[in-house]
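So for the sequence shown, the numbering used here puts the first residue at 2; every next one is plus one. C-beta atoms are modelled at their ideal positions from N, C-alpha and C, and glycine is treated no differently. Note that the structure is a prediction, hence the values are computed from the model and not measured.
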Amino acid sequence: MGAHGEAVPRPLDRAGGGGRTLSPEAPIPQAPIAQTPIPEAPIPQTPPRSQRLAVSLDVSAVPADPVGAGRYTIELARALARRDDVELLMWSRRNDTARWRQLDPDGAEPPLTLRAQAPDSRAARLVWEQLRLGALLAGTGARLHHGPHYTMPARPAVPVVVTLHDLTFFDHPEWHERSKVVFFRRAIRRAAVRARAVVCVSERTAALLHERVAVRTKVFVVPHGVDHTRFRPDEVQPGADDEVLGTLGVRRPYLLFLGTLEPRKAVPDLVRAFGALATERPELTLVLAGTEGWGAQAVTRTVAECAVTDRVLRTGYVTEPAVPALLRQAAAVVYPAHEEGFGLPALEALACGTPLVTTAGTAMADVAGDAAALVGAGRPHELTDAVRAVLSGGPEVERRRRLGLSVAASYTWERSAAAHVEAYRWAAQGPNVPEEGRQGDR
Numbered sequence: 002m003g004a005h006g007e008a009v010p011r012p013l014d015r016a017g018g019g020g021r022t023l024s025p026e027a028p029i030p031q032a033p034i035a036q037t038p039i040p041e042a043p044i045p046q047t048p049p050r051s052q053r054l055a056v057s058l059d060v061s062a063v064p065a066d067p068v069g070a071g072r073y074t075i076e077l078a079r080a081l082a083r084r085d086d087v088e089l090l091m092w093s094r095r096n097d098t099a100r101w102r103q104l105d106p107d108g109a110e111p112p113l114t115l116r117a118q119a120p121d122s123r124a125a126r127l128v129w130e131q132l133r134l135g136a137l138l139a140g141t142g143a144r145l146h147h148g149p150h151y152t153m154p155a156r157p158a159v160p161v162v163v164t165l166h167d168l169t170f171f172d173h174p175e176w177h178e179r180s181k182v183v184f185f186r187r188a189i190r191r192a193a194v195r196a197r198a199v200v201c202v203s204e205r206t207a208a209l210l211h212e213r214v215a216v217r218t219k220v221f222v223v224p225h226g227v228d229h230t231r232f233r234p235d236e237v238q239p240g241a242d243d244e245v246l247g248t249l250g251v252r253r254p255y256l257l258f259l260g261t262l263e264p265r266k267a268v269p270d271l272v273r274a275f276g277a278l279a280t281e282r283p284e285l286t287l288v289l290a291g292t293e294g295w296g297a298q299a300v301t302r303t304v305a306e307c308a309v310t311d312r313v314l315r316t317g318y319v320t321e322p323a324v325p326a327l328l329r330q331a332a333a334v335v336y337p338a339h340e341e342g343f344g345l346p347a348l349e350a351l352a353c354g355t356p357l358v359t360t361a362g363t364a365m366a367d368v369a370g371d372a373a374a375l376v377g378a379g380r381p382h383e384l385t386d387a388v389r390a391v392l393s394g395g396p397e398v399e400r401r402r403r404l405g406l407s408v409a410a411s412y413t414w415e416r417s418a419a420a421h422v423e424a425y426r427w428a429a430q431g432p433n434v435p436e437e438g439r440q441g442d443r
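Right under this line is the structure:
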């Protein structure tokens with residue numbers, strides 16, 4: 002397996018406090034957000050088994066067409082599988098084994114173990130995770146279990162680390178289906194009390210976690226990464242990008258939105274901005290690349306209202322190999338989401354050297370900083386002006402493009418995995434469930 006990676010270059014750090022309490026009489030202390038240590042040097046050779054960390058990772062929630070948290074889980078699994086100080090055990094759905102077995106090349110040391118025991122239906126899978134997985138962990142030799150998508154077993158036999166992606170289920174329930182709001186609010190509250198440690202994908206998510214729920218566990222902030230072998234300014238093979246665009250029916254020049262079409266992504270605002278530019282830029286098209294999510298009808302209505310139907314291409318879900326070409330060849334990537342846990346497409350756009358327009362006051366803005374053109378949420382006129390300025394080019398656009406490449410270079414999945422391992426090692430040293438968690442689960 003591959004060399005031991007480095008940890009995140011600038012783990013985001015907060016010092017305790019500021020959390021919600023159950024009542025004025027019985028405040029719940031807020032655990033501090035931990036700074037993830039940075040390993041000094043790579044491990045030169047595969048360590049003996051006694052020194053490897055046996056990690057259980059639940060990948061059963063990753064859908065056939067992964068986005069967001071699914072992409073994160075896949076990339077994390079890949080990076081962990083390349084590490085020689087980790088023995089990785091993955092739990093997948095029964096009908097979803099091929100993509101996970103690809104992570105384990107023949108003769109890999111230490112080997113990867115895959116257990117395809119989770120049911121295929123979502124409801125049955127959640128029941129399996131809650132009632133069966135915890136007991137199954139007892140016989141695996143795993144030192145800890147990682148739930149990468151909000152949830153954890155009800156009675157885990159080993160310490161648990163849970164990743165929390167965003168808190169929009171609390172702040173903006175109107176962006177989600179009601180059933181998901183109820184389910185994920187409960188899952189987040191439970192993880193914040195009963196997990197041995199929580200991984201938040203951005204400092205913003207960690208801050209909101211302390212503001213919205215009672216936190217009695219250690220919180221690690223570990224950003225996502227970028228696969229720089231694929232997301233880069235130049236094509237991997239000459240002509241490959243043209244082939245991808247041709248297959249998708251995309252013609253240059255185009256603005257690109259990449260992500261699920263759902264309320265919090267604010268795609269109707271982008272359509273309105275594009276409509277305002279349509280007359281002055283008759284050659285420009287808008288490409289909406291992503292799954293039709295809950296509430297996507299609003300996008301359809303806005304396209305019709307703006308009379309740009311013949312200039313808006315909705316590709317549907319775009320497979321992983323095609324994504325870098327779409328990002329790289331765009332005149333600009335516009336990601337106007339009101340809120341995200343991290344906003345991976347924005348970072349990948351920077352890595353491709355493509356101008357980025359995104360929303361101020363969000364995790365995307367925290368990552369991109371001055372490398373992106375930032376606009377206020379829900380302000381189509383401001384979005385129009387920002388896109389117009391980017392399309393006009395000039396020294397400022399080039400300065401931001403170069404800065405974006407520099408920003409993106411510091412994010413890798415190897416570093417993200419290394420920081421996860423630091424969280425794992427901390428969690429593995431402690432008890433299964435904090436004493437506070439046994440009394441305070443809500």
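Identify the continuous alpha helix (DSSP H) that holds H421 and give its terminal residues. DSSP places H421 in the uninterrupted alpha helix (DSSP H) bounded by 414 to 429.
Counting only the same chain and skipping the five closest in sequence on each side, list residues whose C-beta sits under 8 Å from that of L345. Within the same chain, L345 has close Cβ partners G69, R72, Y73, H225.
With distances taken between CB atoms, is the gap from L428 to V63 smaller than 8 Å? For clarity, residue 428 is Ala in the given sequence; the question names Leu instead. No, the Cβ-Cβ distance between A428 and V63 is not below 8 Å.
What does the alpha-carbon distance come out to for the pair R439 and E130? Note that R439 scores 35 on pLDDT, short of 50, meaning its location in the model is unreliable; the coordinates nonetheless yield the value given after this. If I take the Cα positions, the gap works out to 19 Å.
Where does the unbroken beta strand (DSSP E) through G317 begin, and where does it stop? Looking at the DSSP string, the run of the beta strand (DSSP E) that includes G317 is 313 to 317.
Distance, E263 Cα to Y318 Cα: When rounded, the distance between both Cα atoms is 13 Å.
Rounded straight-line distance, which links the Cα of V368 to that of V334: Their backbone Cα atoms lie some 15 Å apart in a straight line.
CB of L375 within 8 Å of CB of P337, strictly: Not in contact: L375 and P337 (Cβ atoms no closer than 8 Å).
Leaving aside the five residues before and after L138 along the sequence, list all residues of the same chain whose C-beta is less than 8 Å from its C-beta, in chain order. Within the same chain, S57, H146, P154, P157, A158, V159 come within 8 Å of L138 by CB-CB distance, once the 5 residues on both sides are set aside.
Quick check on this structure: which residue in H229, H177, R197, V128 has the alpha carbon closest to the alpha carbon of A409? The shortest Cα separation from A409 among H229, H177, R197, V128 belongs to H229.
Please list, in chain order, all residues of the same chain as L289 whose beta carbon is under 6 Å from its beta carbon, the five residues on each side excluded. So the list reads F258, R315, once near-sequence residues are dropped.
From V87, V200, G260, pick the residue whose C-alpha is nearest to that of T114; which is it? Answer by Cα proximity: V87.
At a cut of 8 Å, does the region 379 to 396 reach the region 273 to 280 through at least three beta carbon pairs? As far as the Cβ criterion goes, the region 379 to 396 touches the region 273 to 280, which means the pair count is three or higher.
Distance, R416 Cα to D85 Cα: Distance between the alpha carbons of D85 and R416 is about 14 Å.
May I have the straight-line CA-CA distance separating Y151 from G370, to the nearest angstrom? Their backbone Cα atoms lie some 28 Å apart in a straight line.
In whole angstroms, what is the alpha-carbon distance linking A65 and P283? Distance between the alpha carbons of A65 and P283 is about 37 Å.
By how many angstroms is the C-alpha of V237 removed from the C-alpha of A352? Computed Cα separation, rounded: 14 Å.
Nearest-angstrom Cα separation, counted from R186 out to F170: Cα to Cα, the separation comes out at about 6 Å.
Give the C-beta separation of R117 and T141 to the nearest angstrom, bearing in mind that I take them to be a contact with Cβ-Cβ under 8 Å. Before going on, a small fix: residue 117 reads as Ala here, not Arg. With 8 Å as the limit, A117 and T141 do not qualify as a contact, their Cβ atoms being about 14 Å apart.
So, at 7 Å on beta carbons, what are the nonlocal neighbours of G296 in its own chain, with the 5 sequence-adjacent residues on each side left out? Result list for G296: E263, P264, in chain order.
Might you give, ordered along the chain, the residues of its own chain that have their beta carbon closer than 6 Å to the beta carbon of H166, omitting 5 neighbours on each side? So the list reads A70, V202, G342, once near-sequence residues are dropped.
What's the call for R179, buried or exposed, on a 16-neighbour Cβ count within 10 Å? Answer is exposed; the Cβ neighbour count stays below 16.
Less than 8 Å between the C-beta atoms of A372 and G405, yes or no? Contact flag set, yes.
In the DSSP assignment, find the beta strand (DSSP E) that holds Q118 and state where it starts and stops. Element bounds for Q118: 114 to 119.
DSSP on V300, reduced to helix/strand/coil? Three-state DSSP puts V300 in a helix.
In three-state DSSP terms, what is V214? Here V214 sits in coil by DSSP.
Contact set for D242: own chain, Cβ-Cβ below 7 Å, skip 5 residues either direction: By the criterion of a C-beta distance shorter than 7 Å, D242 is surrounded in its chain by E236, A326, R329, Q330, once the five residues flanking it on both sides are discounted.
Roughly how many whole angstroms lie between the Cα atoms of T218 and R403? Spanning the two alpha carbons is a distance of roughly 39 Å.
Using only alpha-carbon positions, find the residue among A125, P322, A82 that is nearest to D105. Per the Cα distances, A82.
Run the CB neighbour count on Q31, radius 10 Å, all protein chains shown included, and call it buried at 16 or more, exposed below. Residue confidence for Q31 is low, a pLDDT of 46 falling below 50, so the modelled location carries little weight and cannot support an answer.
Are the beta-carbon atoms belonging to A424 and V200 less than 8 Å from one another? Contact flag set, yes.
So is the beta-carbon of R144 under 7 Å away from any non-hydrogen atom of the ligand GTP? For the structure depicted, the ligand GTP is absent and the ligand set is empty, with no information on it obtainable.
Residue from H339, R123, R144 whose Cα sits closest to the Cα of K266: Of H339, R123, R144, the smallest CA-CA separation from K266 is found for H339.
To the nearest angstrom, report how far apart V245 and L271 are at their CA atoms. For V245 and L271, the distance between alpha carbons rounds to 24 Å.
Straight-line Cα distance separating A143 from Q298: Each residue's CA atom was taken as its position, placing Q298 and A143 some 45 Å apart.
Can you look up L328 in the DSSP assignment and give me helix, strand or coil? Here L328 carries a helix assignment [DSSP, helix/strand/coil].
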